[in-house]
Each structure stands twice: as C-alpha cells, then as structure tokens.
Amino acid sequence: MRLNLSLTPTRQLIPFDYQQRLVGAFHKWLGDNEQHDGLSLYSLSWLSNGRVNKQRTGLRFDHGASWFISSYNTELLLKVVHGIQTDPEIAFGMSVRSLTIQALPDFSSEQRFTVASPVFIKRTINGNVEHILYDHPQANDFLTETLRRKLRAADLPDDGVQVVFDSSYSKAQSKLLTFNGIQNRASMCPVIVSGTSEQVAFAWCVGVGNSTGIGFGALR
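When the letters of the sequence shown are read in order and numbered with full-length UniProt numbering, they come out as residues 1 to 220.
This is the structure in structure tokens:
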C-alpha cells in the first residue's frame with residue numbers, strides 16, 4: 001500500500017539534505033520507536049515538484065510538493081494516517097494538505113521501475129565499508145540479496161526473485177548525499193524486478209537497496 005501526500009507550498013528555501021526532516025515527520029506520525037531499528041519494510045520517496053533556486057543553494061517548493069510513503073504492512077500505514085490527521089506539520093513551513101491511499105497495483109512477473117529516491121547499496125568488503133554503484137559487477141547481486149532478506153523478514157517466499165539495474169538506461173548517474181552528517185553515494189538508475197507478482201509488488205512497497213527507511217531506493 002502507498003500513501004500519496006500532497007504538501008502545502010512554502011516560501012522557505014529547503015536545503016538539499018532535507019531527507020532527515022522527512023524521516024523525523026514519518027516517525028512522529030508512526031509513534032513507534034521500534035521502527036527505528038532493524039530492517040525497514042517500508043520506503044520513503046524524495047519530494048517532487050520542486051526547483052533549484054538561481055544561486056543553487058537549495059530547493060523551492062512555491063507550489064507545494066508531492067511525497068509518498070509505502071509499506072507492505074497496512075497497519076503501519078494506517079498508524080501514519082492517524083498521525084497525519086493529528087499533526088500534519090512536516091518541516092520548513094510545509095504540512096500535509098491532502099492524502100490518498102493507493103492499493104497494490106497488479107504487477108506481472110517482471111517490472112521496470114524508475115526510482116523516486118536514489119538506490120543505496122552498502123557492504124563491508126575486505127574490512128572496508130563501500131558504497132556500491134549501479135556499474136559495480138556485484139551491484140545486482142547485492143540488490144537481490146537485500147530484497148530476499150526483506151521477503152524472509154515478512155514471512156514471504158524469496159525463491160526466484162531478482163533485482164537488477166537497467167543496463168540499457170544511458171543516463172544513470174551517482175549522487176553524493178548527506179544524511180545526519182554522513183555522506184552516502186547512491187545511484188539514480190531504474191531497476192528491473194522479476195519474480196512472482198507478489199514479490200514484485202513487495203518490492204514496490206519496500207523499495208530496493210539499503211536504507212529505504214531514510215529515503216533511499218523508493219520505486220515508482
């Protein structure tokens with residue numbers, strides 16, 4: 001399930017590293033500190049409908065913004081809805097103006113998704129923490145490994161599922177992002193998920209890669 005949120009306009013200049021404030025609003029609405037730890041079975045998109053200001057020092061959302069929160073856990077999203085109804089404020093003078101609940105679409109056994117936030121892959125290799133990008137030879141293996149782990153955590157079968165970056169996409173790029181003072185390099189590149197229709201729908205909900213709960217790897 002997915003919550004599509006329409007946010008009010010703001011005249012404030014929004015910093016490029018605003019994701020931490022979105023995560024803070026999400027946990028305020030959820031009211032469940034247990035979701036801070038462990039594997040995130042939900043995903044948060046970036047804001048859309050903004051533009052970079054002329055000085056290239058931040059983002060403007062003079063006409064409002066769109067944001068979505070997805071999860072395979074319907075109960076979790078209903079808690080978020082209740083939290084929004086109680087306190088719709090987010091940050092930077094923005095609050096939730098309206099929301100719509102989107103049910104799981106019907107997916108085929110193979111689906112190409114664009115990304116609504118960069119895909120982050122982190123692994124410890126030979127004792128070093130590495131940020132893996134779309135062109136790394138093991139990137140697809142790592143994406144698949146993480147999704148399989150999330151499927152098992154949700155008590156769903158993980159056999160046969162696969163996630164790969166779309167190698168035919170010519171505009172793939174990396175982005176350096178700062179979250180809570182830590183720099184992370186992630187990939188802007190569509191992905192292709194194959195498996196059962198339920199597994200593909202699960203990926204649409206929980207996202208791909210690491211740290212989907214803090215604004216990475218959301219799919220549209």
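For glycine and all other residues, C-beta sits at the position ideal for the given N, C-alpha and C.
Can the beta-carbon of residue i be found closer than 7 Å to that of residue j?
{"i": "residue 224", "j": "G93", "result": "What is shown of the chain runs 1 to 220, which leaves residue 224 out entirely."}
{"i": "L77", "j": "L3", "result": "yes"}
{"i": "S194", "j": "E130", "result": "no"}
{"i": "V208", "j": "L41", "result": "no"}
{"i": "A203", "j": "L147", "result": "yes"}
{"i": "V96", "j": "W29", "result": "no"}
{"i": "residue 262", "j": "G215", "result": "In the structure as shown, the chain begins at 1 and stops at 220. Residue 262 is therefore absent and cannot be evaluated."}
{"i": "K150", "j": "N210", "result": "no"}
{"i": "Y169", "j": "P137", "result": "no"}
{"i": "S6", "j": "A218", "result": "no"}
{"i": "V119", "j": "S167", "result": "no"}
Looking at the strands, I want to know which residues DSSP matches up with residue i.
{"i": "Q102", "result": "R2"}
{"i": "Q173", "result": "M188"}
{"i": "L59", "result": "I14, V52"}
{"i": "L219", "result": "V115"}
{"i": "N210", "result": "F120"}
{"i": "F68", "result": "N4"}
{"i": "I182", "result": "F179"}
{"i": "F165", "result": "V191"}
{"i": "L44", "result": "I69"}
How long is the line joining the alpha carbons of residue i and residue j, rounded to whole angstroms?
{"i": "D9", "j": "R51", "result": "Correcting the residue identity first, residue 9 is Pro in this sequence and not Asp. Roughly 12 Å separates the two Cα atoms."}
{"i": "L59", "j": "F113", "result": "25 Å"}
{"i": "I132", "j": "R185", "result": "8 Å"}
{"i": "E89", "j": "A103", "result": "25 Å"}
{"i": "L39", "j": "T57", "result": "33 Å"}
{"i": "T15", "j": "A91", "result": "It should be pointed out that residue 15 corresponds to Pro in this sequence rather than to Thr. Computed Cα separation, rounded: 11 Å."}
{"i": "H36", "j": "H27", "result": "Because H36 carries a pLDDT of 49, less than 50, the predicted location of this residue cannot be relied on, and no value is offered for it."}
{"i": "V115", "j": "S71", "result": "16 Å"}
{"i": "R220", "j": "S108", "result": "15 Å"}
{"i": "Q173", "j": "F165", "result": "12 Å"}
{"i": "G160", "j": "D62", "result": "45 Å"}
{"i": "I125", "j": "D87", "result": "43 Å"}
{"i": "S45", "j": "Q55", "result": "25 Å"}
{"i": "T74", "j": "E198", "result": "15 Å"}
{"i": "M1", "j": "F142", "result": "25 Å"}
{"i": "Q162", "j": "N53", "result": "39 Å"}
{"i": "V200", "j": "A153", "result": "16 Å"}
{"i": "N128", "j": "Y18", "result": "28 Å"}
{"i": "N140", "j": "T196", "result": "18 Å"}
{"i": "Q183", "j": "T212", "result": "16 Å"}
Spell out whether any CB of chain D is found under 7 Å from the CB atom of residue i.
{"i": "I132", "result": "Going by chain labels, chain D is absent from the structure shown, which holds only one protein chain."}
Exercise. Which ranges does the beta strand (DSSP E) cover as unbroken runs of at least 3 residues, wholly within the stretch 88 to 133, from first to last along the chain?
Worked result: 89 to 91, 94 to 102, 110 to 113, 121 to 125, 128 to 132, all fully within the stretch 88 to 133.
Exercise. Is it true that the stretch 41 to 50 meets the stretch 63 to 71, where meeting means three or more beta-carbon pairs spaced less than 8 Å apart?
Worked result: yes
Exercise. Is it a yes or a no for the stretch 19 to 31 touching the stretch 170 to 180, going by three-plus beta-carbon pairs under 8 Å?
Worked result: yes
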